[in-house]
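Student: For reference, the structure I am asking about is given below.
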Amino acid sequence: MCQIYSGTDPELYQSVSRSVRINGVVTSLRLELRFWQILDEIAAGEGFSTPQFLGKIHDEVVAQRGDIPNFASLVRVICTVYLEKQAGLHVHVPANTATSQMLS
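Using full-length UniProt numbering, the letters of the sequence shown map in sequence onto residues 1 to 104.
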């Protein structure tokens, strides 16, 4: 089993920075190549370029919740949610459950 994971191509976990425009401001987002590949797929499926998709996600989250403390982490989780959806899985851990487990 370990070979499945330990044999991962190192190129896929290389960090890659891309410039994106969010609220008219150009910023750099650093993610592993595999996450960029997944984001490119999600964006294309939604009819956007990846920077457009990221800007839209940012705007929607800010409108719903306000501040985004760690946008890169949000983007990684979006990728896992997308993969779960593609696999027909639905995994949802309420925020208070995760927090209470960490505090236990």
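Don't be surprised by glycine CBs; every beta carbon is placed ideally from N, CA and C. For clarity, every value in this text was computed on a predicted model and none was experimentally measured.
Let me check understanding here. Comparing Cα to Cα, which of 2, 20, 29 and 37 lies closest to residue 12?
Tutor: Mapped onto the sequence shown, residue 12 falls at position 12. Nearest of 2, 20, 29 and 37 to residue 12, Cα basis: 37.
Student: Which residue marks the beginning of the alpha helix (DSSP H) containing residue 50, and which one marks its end?
Tutor: In the sequence shown, counting from the first residue as 1, residue 50 sits at position 50. Looking at the DSSP string, the run of the alpha helix (DSSP H) that includes residue 50 is 50-65.
Student: Do residue 29 and residue 17 have their CB atoms nearer than 8 Å?
Tutor: Position 29 of the sequence shown holds residue 29. Position 17 of the sequence shown holds residue 17. Their beta carbons are under 8 Å apart, which means residue 29 touches residue 17 by this criterion.
Student: Can you check DSSP and say which residues form a bridge with residue 29?
Tutor: Within the sequence shown, residue 29 is the residue found at index 29, counting from 1. The partner list for residue 29 (beta bridge, DSSP) reads 18.
Student: Closer than 8 Å by C-beta to residue 23: which residues in its own chain qualify, once you throw out the five before and the five after it? Chain order, please.
Tutor: Along the sequence shown, read from residue 1 onward, the residue named residue 23 stands at position 23. Cβ within range, chain order: 55, 58 and 59.
Student: Quick check on the burial criterion: 16 or more other C-beta atoms within 10 angstroms. Buried or exposed for residue 20?
Tutor: Residue mapping note: residue 20 aligns to position 20 of the sequence shown, counting from 1. The residue is buried, with at least 16 neighbouring Cβ atoms inside 10 Å.
Student: On a CA-only basis, which of 71, 82, 14 and 68 is nearest residue 46? Give me that one, please.
Tutor: By one-based count along the sequence shown, residue 46 stands at place 46. Closest by alpha carbon: 82.
Student: What's the call for residue 42, buried or exposed, on a 16-neighbour Cβ count within 10 Å?
Tutor: By one-based count along the sequence shown, residue 42 stands at place 42. When all chains shown are included, residue 42 counts as buried.
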